[in-house]
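J.: Chains as they are written, first to last, in the working numbering: chain B, 1 to 200; chain V, 1 to 200; chain P, 1 to 200; chain A, 1 to 200.
4 protein chains.
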Amino acid sequence: MTTTTTKRSRTKPAEVRRDELMDAAQALFMEKGFAATSVAEIVEGAGVAKGTFYTYFQSKDEVLAALRERFIEGFRDRVAGAVDACHGSWMDKLEACAEACVNAYLDEVVLHDLVFHQYQPGNRALKSENPVVTCLVGMLREGEGAGAWRLVTPRLTAVMLFGAFHGAVDEALSRDEAADRASLVGAVVRFWRNALTTAA
Amino acid sequence: MTTTTTKRSRTKPAEVRRDELMDAAQALFMEKGFAATSVAEIVEGAGVAKGTFYTYFQSKDEVLAALRERFIEGFRDRVAGAVDACHGSWMDKLEACAEACVNAYLDEVVLHDLVFHQYQPGNRALKSENPVVTCLVGMLREGEGAGAWRLVTPRLTAVMLFGAFHGAVDEALSRDEAADRASLVGAVVRFWRNALTTAA
Amino acid sequence: MTTTTTKRSRTKPAEVRRDELMDAAQALFMEKGFAATSVAEIVEGAGVAKGTFYTYFQSKDEVLAALRERFIEGFRDRVAGAVDACHGSWMDKLEACAEACVNAYLDEVVLHDLVFHQYQPGNRALKSENPVVTCLVGMLREGEGAGAWRLVTPRLTAVMLFGAFHGAVDEALSRDEAADRASLVGAVVRFWRNALTTAA
Amino acid sequence: MTTTTTKRSRTKPAEVRRDELMDAAQALFMEKGFAATSVAEIVEGAGVAKGTFYTYFQSKDEVLAALRERFIEGFRDRVAGAVDACHGSWMDKLEACAEACVNAYLDEVVLHDLVFHQYQPGNRALKSENPVVTCLVGMLREGEGAGAWRLVTPRLTAVMLFGAFHGAVDEALSRDEAADRASLVGAVVRFWRNALTTAA
DNA sequence: AATGAATGAGTTTTCATTCAT
DNA sequence: TATGAATGAAAACTCATTCAT
Numbered sequence: 001m002t003t004t005t006t007k008r009s010r011t012k013p014a015e016v017r018r019d020e021l022m023d024a025a026q027a028l029f030m031e032k033g034f035a036a037t038s039v040a041e042i043v044e045g046a047g048v049a050k051g052t053f054y055t056y057f058q059s060k061d062e063v064l065a066a067l068r069e070r071f072i073e074g075f076r077d078r079v080a081g082a083v084d085a086c087h088g089s090w091m092d093k094l095e096a097c098a099e100a101c102v103n104a105y106l107d108e109v110v111l112h113d114l115v116f117h118q119y120q121p122g123n124r125a126l127k128s129e130n131p132v133v134t135c136l137v138g139m140l141r142e143g144e145g146a147g148a149w150r151l152v153t154p155r156l157t158a159v160m161l162f163g164a165f166h167g168a169v170d171e172a173l174s175r176d177e178a179a180d181r182a183s184l185v186g187a188v189v190r191f192w193r194n195a196l197t198t199a200a
Numbered sequence: 001m002t003t004t005t006t007k008r009s010r011t012k013p014a015e016v017r018r019d020e021l022m023d024a025a026q027a028l029f030m031e032k033g034f035a036a037t038s039v040a041e042i043v044e045g046a047g048v049a050k051g052t053f054y055t056y057f058q059s060k061d062e063v064l065a066a067l068r069e070r071f072i073e074g075f076r077d078r079v080a081g082a083v084d085a086c087h088g089s090w091m092d093k094l095e096a097c098a099e100a101c102v103n104a105y106l107d108e109v110v111l112h113d114l115v116f117h118q119y120q121p122g123n124r125a126l127k128s129e130n131p132v133v134t135c136l137v138g139m140l141r142e143g144e145g146a147g148a149w150r151l152v153t154p155r156l157t158a159v160m161l162f163g164a165f166h167g168a169v170d171e172a173l174s175r176d177e178a179a180d181r182a183s184l185v186g187a188v189v190r191f192w193r194n195a196l197t198t199a200a
Numbered sequence: 001m002t003t004t005t006t007k008r009s010r011t012k013p014a015e016v017r018r019d020e021l022m023d024a025a026q027a028l029f030m031e032k033g034f035a036a037t038s039v040a041e042i043v044e045g046a047g048v049a050k051g052t053f054y055t056y057f058q059s060k061d062e063v064l065a066a067l068r069e070r071f072i073e074g075f076r077d078r079v080a081g082a083v084d085a086c087h088g089s090w091m092d093k094l095e096a097c098a099e100a101c102v103n104a105y106l107d108e109v110v111l112h113d114l115v116f117h118q119y120q121p122g123n124r125a126l127k128s129e130n131p132v133v134t135c136l137v138g139m140l141r142e143g144e145g146a147g148a149w150r151l152v153t154p155r156l157t158a159v160m161l162f163g164a165f166h167g168a169v170d171e172a173l174s175r176d177e178a179a180d181r182a183s184l185v186g187a188v189v190r191f192w193r194n195a196l197t198t199a200a
Numbered sequence: 001m002t003t004t005t006t007k008r009s010r011t012k013p014a015e016v017r018r019d020e021l022m023d024a025a026q027a028l029f030m031e032k033g034f035a036a037t038s039v040a041e042i043v044e045g046a047g048v049a050k051g052t053f054y055t056y057f058q059s060k061d062e063v064l065a066a067l068r069e070r071f072i073e074g075f076r077d078r079v080a081g082a083v084d085a086c087h088g089s090w091m092d093k094l095e096a097c098a099e100a101c102v103n104a105y106l107d108e109v110v111l112h113d114l115v116f117h118q119y120q121p122g123n124r125a126l127k128s129e130n131p132v133v134t135c136l137v138g139m140l141r142e143g144e145g146a147g148a149w150r151l152v153t154p155r156l157t158a159v160m161l162f163g164a165f166h167g168a169v170d171e172a173l174s175r176d177e178a179a180d181r182a183s184l185v186g187a188v189v190r191f192w193r194n195a196l197t198t199a200a
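1) Taking only runs that begin and end inside the region 11-63 of chain B, name each unbroken alpha helix (DSSP H) of 4 or more residues, in chain order.
2) Taking 8 Å as the cut-off, does the region 145-158 of chain P touch the region 183-198 of chain P (at least 3 CB pairs, one atom from each stretch)?
3) Cβ atoms of V/M22 and B/A168: under 8 Å apart, would you say?
4) Given that A/F162 touches chain P, what residues does it touch there, using C-beta distances under 7 Å?
5) Measuring only the C-alpha atoms, how far is P/T52 from A/Y56?
6) Since I believe B/L136 is in contact with B/A158 (beta carbons under 8 Å), could you give me their beta-carbon distance rounded to a whole number of angstroms?
7) Which runs of the alpha helix (DSSP H) fall wholly inside the region 71-153 of chain V and span at least 4 residues, in chain order?
8) Going by beta carbon distance, what residues of the same chain come within less than 7 Å of A/A98, once the five residues before and after it are set aside?
9) In angstroms, rounded to a whole number, what distance separates the CA positions of V/R175 and B/R141?
10) Over what stretch of residues does the alpha helix (DSSP H) that includes B/A187 continue unbroken?
11) Flag P/D180 as yes if its beta-carbon sits less than 8 Å from any beta-carbon of chain A, otherwise no.
12) Is B/R155 helix, strand or coil when you go by DSSP?
13) Count the C-beta pairs between the region 54-71 of chain B and the region 15-34 of chain B that are closer than 8 Å, then say yes if the count reaches three, no if not.
14) Starting from the beta carbon of P/F191, find every residue of chain A whose beta carbon is closer than 9 Å, and list them in chain order.
15) Using a Cβ-Cβ cut-off of 8 Å, state whether V/E108 counts as contacting chain B.
16) Examine the ligand GDP and report whether any of its heavy atoms sits within less than 7 Å of the Cβ of A/G47.
17) At a Cβ threshold of 8 Å, is B/A35 touching chain V?
18) Closer than 8 Å, Cβ to Cβ, to anything on chain P: give me those residues from the region 51-84 of chain A, in chain order.
19) Below 6 Å CB to CB, which residues in the same chain sit around B/G138 once its five sequence neighbours on both sides are set aside?
20) Report, in whole angstroms, the separation of the C-beta atoms of P/F75 and P/V132, which I expect to be a contact under 8 Å.
21) Thinking just about the alpha-carbon of each residue, which of B/R181, B/T11, B/D19, B/E73 is nearest to the one in B/N130?
22) Taking the C-alpha atoms as reference points, what is the distance between A/G163 and A/R181?
23) Where B/R18 and P/V110 are concerned, what is the direct C-alpha to C-alpha distance, given to the nearest angstrom?
24) Which of the three DSSP states, helix, strand or coil, is assigned to P/A178?
25) Measure the alpha-carbon distance for A/A27 versus A/V43 and round it to whole angstroms.
26) Strictly below 7 Å CB to CB, what residues from chain B border V/E15?
27) Which whole-angstrom value is the C-beta distance of A/L90 and A/G143, which I expect to be below 8 Å?
28) In chain order, what residues of the same chain lie with their CB nearer than 8 Å to the CB of A/R155, ignoring the 5 residues before and after it?
29) Apply the 10 Å Cβ neighbour rule to P/V83 and answer buried if 16 or more other Cβ atoms are within range, or exposed otherwise.
30) Apart from the five residues on each side of it in sequence, which residues of its chain come closer than 7 Å, Cβ to Cβ, to V/N103?
31) Listing by chain order, which chain P residues have their CB less than 9 Å from the CB of A/A187?
32) Under 8 Å between C-beta atoms, does A/T134 make it to chain P?
33) If you count every other CB in all the chains shown that lies within 10 Å of the CB of A/E177, and 16 or more means buried, which is it?
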């Protein structure tokens, strides 16, 4: 009798529950760090009981992994979208890419740091399978094909461009100069352009 | 024979004890990760009692911080030394710097990762107060004074050069291509040079 | 037979568990002192795991605080009950109150000492927000309204009456003369009565 | 050679060193409580090394005991002195005694609490060997001999007078009304007088 | 007498995970 | 599926005390 009424609201679609848990975890990890966040806090944030967490994730580490996947996908989509939307020259595309990177990164640095900076011996690979780099490589290659620039090692160049942008944004952040995004984007674009322009 | 050496005083100069503890901690952290290493293991490794650890460090975190300092200093000394030892042109100095960076980093990646990859909200500053960057800035400014190149924002440029090198080495490492250091140094040097050469 | 009772759920109503923990703690504290009792012993006494203690109390200190609350409430209830049950004159009520105080205190000295004798800077207030005093104040005021006595400072008087009783019982206890409760009650009552009778 | 010069200032008369240690301990105990004070802090306060502490006291508890002795002596001397200095009637002496008690207590409550409130099963005796009570008893007996008042149980009365005064001062302290010592002394004296005046 | 580095037993506390309901 | 009380292993850290100098 009472069963029909009670059952309903408690059970949500698995996907939804899982997302809610991930959202709660992400917010807390970003606020206090991974190690400093307890499962107890995550479930509190998601409004479920302790045990429920373990129906969706095998361990605390697993949520972090899931979060990482989600972040990578989102970042790549955003940057790739900006490049695709640009119908100018290759240099224009490069500029669009730099701008998208800076903005996407700035918008989500904390999250970025969270999902990437957990040291465990031998997780270096993560950074390089970086989809933004992959996307950059593609663009560099196409641009090269079109004669926009010449590159000895496209992948390494992409990685260095990415590293340069990364460093610039980190610097801006640590100096509280990230608010002036235009200047930042300007500096990065200028640097990238130079780096790709072989001195005659 | 050895008796005389062994017998002498359980008490050692503070500096020595501290270093022994740091060495033991560093070895363990690099082997199993920071979180997975217990203070109990560290003191066992250093051959002292639990309490002794706490006469030299306030907490486990503090050793990591000390290790970071030690790493940074060593890295900077190495790079600065290489630049100072180069008596060629500014471009030569730049090259010497790039080479020293790549080599120093490659020689101590594991340690580098250990001391830098622990995410805690708001430790971002560390990277930018990076003494290698500071050293680079100095060099860039002097080089600019000497007319070797022209820079709009020296610090940001230095930071991007550093980021580029960092990314390149990370990439090489993750692809197991770090063995061919010459190529790597070559790629970095070429990239740096371009980045500093304003396209006319 | 007994199986049904025993088997049922390792989980007990929160209130019950909490009380069991408090009981175990109280017994041990009274036997060996607060500092000399470890949480390990408490949980052993209560038949639960270490962690369970911390589901109910934030720290060892918190149990002591809870014990104090419980003691104070019990004491007040007992005294207030005795006064309410007395339907004689105001002097009779005063006498009932004195008697109840002496008896209640004598019955639980050890516990009293346990919960009150832990010196920590600034816990003095506890004594004065003493609900027995509050109850005494009420009685004194009502009695005054009824013309039983006249008081310049009711609260201070209540506090002094309480102090007098407290001192008398402490004295009796330390001299092992507490067995003769009648005499003790007599002395306290006589003293209280005098103290409230303004010499004409 | 160098011995003569170096030795001098380091070694102080034992008595002095001991006092310095007691002073340092007392200050710290009063500020943060006995348990919360470490031997390390005591020796720091006294400006000596860890080991020195143990040349003068066998343990941390022993300092507290020494402090208690010192407090008791000082308090008794002060009250007894005030009574002796009063050459009026017995009621005057009583008044002088009450005043001295209140003042001495107010001046050293924290210390009083420190040395008396440390609960360990069975240290109740301490309070009753209270020298002020003993002194009060003497005065009450003499006054009774001189016909100033009549008492059934002098010691118990003394103890109750002491308890009353104690309660009054505690109350004043917890209400921050201790500054107005005159009123406080007045209330206590009035109460004491009444308590000693048998209602005809 | 004085030192202070070293000790290490002992304690509190945390928290990821389980499991009976 | 959801719950949340219970678990208990594991860890960090403290500090009174010792003792070689």
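By construction, the Cβ of each residue, glycine as well, lies at the ideal position given by its N, Cα and C atoms.
T.: This is what the structure holds:
1) Whole alpha helix (DSSP H) segments, 4+ residues: 14-32, 39-46, 50-56.
2) Cβ pair count under 8 Å is three or more, so yes.
3) No, these two residues do not count as a Cβ contact at 8 Å.
4) For the C-beta of A/F162, the chain P residues within less than 7 Å are, from N- to C-terminus, G167.
5) Straight-line Cα distance between these residues: approximately 44 Å.
6) Rounded, the Cβ-Cβ distance is 4 Å, consistent with contact.
7) Residue ranges of uninterrupted alpha helix (DSSP H) with 4 or more members, entirely inside the region 71-153 of chain V and ordered along the chain, are 90-107, 109-116, 125-128, 131-145.
8) Cβ within range, chain order: F165, V185, V188, V189, W192.
9) Just so you know, the alpha carbons of V/R175 and B/R141 end up roughly 19 Å apart.
10) B/A187: member of the alpha helix (DSSP H) spanning 181-196, first to last residue.
11) No, P/D180 lies away from the interface with chain A (no Cβ there is under 8 Å from its Cβ).
12) B/R155 carries a helical assignment under DSSP once its states are collapsed to helix, strand and coil.
13) Short answer: they touch.
14) What P/F191 touches in chain A: L156, T157, M160, L161, A164, A195.
15) Not one chain B Cβ lies under 8 Å of V/E108.
16) This structure simply doesn't include the ligand GDP, nor any ligand for that matter.
17) B/A35 counts as touching chain V.
18) Look at the region 51-84 of chain A: it has no residue with a C-beta under 8 Å from a C-beta of chain P.
19) Short of 6 Å from the beta carbon of B/G138, and not among the five residues preceding or following it, lies no beta carbon of its own chain.
20) Contact between P/F75 and P/V132 holds: CB atoms are separated by about 6 Å, below the 8 Å threshold.
21) Ranking B/R181, B/T11, B/D19, B/E73 by Cα distance to B/N130 puts B/E73 first.
22) Near 18 Å, if we compare the C-alpha coordinates of A/R181 and A/G163.
23) For B/R18 and P/V110, the gap between their C-alpha atoms comes out near 54 Å.
24) Reduced to three states, the DSSP call for P/A178 is coil.
25) Spanning the two alpha carbons is a distance of roughly 12 Å.
26) Simply none; closest approach about 28 Å.
27) A small correction: the amino acid at residue 90 of chain A is Trp; Leu does not occupy that position in the sequence shown. Contact between A/W90 and A/G143 holds, with the beta-carbon distance rounding to 4 Å and staying under 8 Å.
28) In chain order, V133, V137 place their CB closer than 8 Å to the CB of A/R155, counting only its own chain and leaving out the 5 sequence neighbours on each side.
29) Classification of P/V83: buried, given that the 10 Å Cβ count is 16 or more.
30) The residues are R181.
31) By Cβ distance, chain P contributes V152, T153, L156, T157, M160.
32) No, A/T134 does not count as interfacial toward chain P.
33) A/E177 is classed as exposed because its beta carbon has fewer than 16 other beta carbons within 10 Å across all chains shown.
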